[in-house]
């Protein structure tokens with residue numbers, strides 16, 4: 001019987017399987033404690049985008065979480081290539097994951113007793129905001145109840161599965177018919193949203209939060225593109241009040257690139273439309289996805 005990889009694939013326990021068949025144990029701390037470090041790299045038109053940068057950041061997260069996996073950067077790259085090639089997906093959302101694992105000593109509460117392990121999976125490309133919505137400008141809610149987990153409790157620079165705050169914020173936003181949510185910290189500063197960084201443009205300067213946020217590869221790409229286009233950039237504190245006073249607001253994500261914002265709560269931007277600077281950056285990003293300098297081509301012939 002031929003396996004169906006049309007919905008994605010996973011590399012787990014040394015083999016590639018359809019994503020629907022991939023599983024970890026019910027006592028794995030990755031499941032019971034959300035104790036996972038991960039990263040997501042896009043595949044666009046048959047090639048990874050900035051793959052070495054994503055792998056490097058993934059391994060930084062693994063180290064920050066005090067985990068150890070046996071795979072080297074080159075081995076991770078090979079496994080990701082083989083997995084996506086096996087799936088046949090030309091545009092994909094690809095996750096590399098390190099889980100704390102199951103305690104070697106049954107019942108142990110000591111994280112040092114867990115057998116850390118690596119796995120990966122890919123599915124068809126995910127847009128955190130649907131393209132039609134992004135082109136028109138996303139509608140964002142700033143939670144009035146939920147605050148971001150403090151960075152001295154859970155380090156957001158180590159990409160992790162602690163989404164309790166984001167999930168409750170999403171319920172709040174969706175209940176009010178907004179597309180997604182931004183969370184502020186306990187001092188009234190903007191942090192990030194579920195799967196994206198936040199940017200505000202004011203008087204030709206783009207400001208993005210420095211603390212309490214993931215320093216995403218797409219975030220880095222946006223800052224590089226902005227500077228190349230002659231815009232000033234500033235990484236620092238961004239208060240909610242400053243966000244509302246911005247000329248434009250946009251988001252960045254590996255699931256969709258640059259995402260213009262047309263509305264935050266009852267504040268409209270760019271006449272309730274996508275702003276021109278954000279749209280230019282969005283188009284530039286998708287051109288970069290096709291730039292050979294950033295692409296790591298996949299050999300699909302390996303499995304076909």
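In the numbering used here, the protein residues as written are 1 to 304.
We treat Cβ as the ideally placed atom computed from N, Cα and C, and that holds for glycine.
Thinking C-alpha only, which one of the options is nearest residue i?
| i | options | result |
| --- | --- | --- |
| residue 86 | 8, 30 and 194 | 8 |
| residue 108 | 28, 77 and 59 | 28 |
| residue 185 | 175, 10 and 153 | 153 |
| residue 158 | 63, 247, 51 and 240 | 63 |
| residue 166 | 187, 141 and 188 | 141 |
| residue 256 | 21, 20, 40 and 23 | 40 |
| residue 297 | 78, 6 and 139 | 78 |
| residue 228 | 205, 237, 236 and 242 | 205 |
| residue 176 | 264, 240, 132 and 198 | 264 |
| residue 5 | 163, 189, 90 and 279 | 90 |
| residue 224 | 125, 285 and 72 | 285 |
| residue 21 | 203, 34 and 3 | 3 |
| residue 88 | 47, 190 and 104 | 47 |
| residue 103 | 128, 32 and 251 | 32 |
| residue 303 | 72, 71, 81 and 60 | 81 |
| residue 203 | 35, 233 and 180 | 233 |
| residue 112 | 60, 65, 247 and 299 | 65 |
| residue 60 | 11, 160 and 10 | 160 |
| residue 283 | 226, 243 and 241 | 226 |
Hey, quick one: how far does the alpha helix (DSSP H) through residue i stretch, first residue to last?
| i | result |
| --- | --- |
| residue 166 | 164 to 175 |
| residue 286 | 276 to 288 |
| residue 54 | 51 to 64 |
| residue 134 | 131 to 136 |
| residue 81 | 73 to 87 |
| residue 244 | 240 to 244 |
| residue 225 | 217 to 228 |
| residue 32 | 29 to 32 |
Between residue i and residue j, is the Cβ-Cβ spacing less than 8 Å?
| i | j | result |
| --- | --- | --- |
| residue 150 | residue 170 | no |
| residue 97 | residue 115 | no |
| residue 295 | residue 49 | yes |
| residue 25 | residue 100 | no |
| residue 207 | residue 281 | no |
| residue 75 | residue 290 | no |
| residue 253 | residue 178 | no |
| residue 212 | residue 276 | no |
| residue 138 | residue 261 | yes |
| residue 123 | residue 249 | no |
| residue 188 | residue 239 | yes |
| residue 191 | residue 201 | no |
| residue 136 | residue 273 | yes |
| residue 198 | residue 231 | no |
| residue 373 | residue 129 | In the structure as shown, the chain begins at 1 and stops at 304. Residue 373 is therefore absent and cannot be evaluated. |
Since residue i contacts residue j with CB under 8 Å, what's their CB separation in whole angstroms?
| i | j | result |
| --- | --- | --- |
| residue 134 | residue 259 | 5 Å |
| residue 37 | residue 83 | Not quite, the Cβ-Cβ distance comes to about 18 Å (not below 8 Å), so this is no contact. |
| residue 118 | residue 69 | 4 Å |
| residue 93 | residue 52 | The pair is not a contact, with the Cβ atoms about 18 Å apart (cut-off 8 Å). |
| residue 235 | residue 214 | Contact doesn't hold; Cβ gap of about 13 Å is too wide. |
| residue 127 | residue 34 | Residue 127 to residue 34, Cβ: 24 Å. No contact. |
If I follow the unbroken beta strand (DSSP E) through residue i, where does it start and stop?
| i | result |
| --- | --- |
| residue 257 | 257 to 264 |
| residue 191 | Run containing residue 191: none; DSSP gives neither H nor E here. |
| residue 236 | 232 to 236 |
| residue 114 | Where residue 114 is concerned, there is no enclosing beta strand (DSSP E), given that its DSSP letter is neither H nor E. |
| residue 202 | 197 to 202 |
| residue 96 | 92 to 99 |
Flag residue i as yes if its beta-carbon sits less than 8 Å from any beta-carbon of chain C, otherwise no.
| i | result |
| --- | --- |
| residue 11 | The structure shown has no chain C; it contains just one protein chain. |
*Below 8 Å, can you find three or more Cβ-Cβ pairs linking the region 13 to 28 to the region 140 to 149?*
no
*For the region 214 to 234 against the region 266 to 276, are there 3 or more C-beta pairs whose distance is under 8 Å?*
Judged by Cβ distances under 8 Å, the region 214 to 234 makes no contact with the region 266 to 276, as fewer than three pairs qualify.
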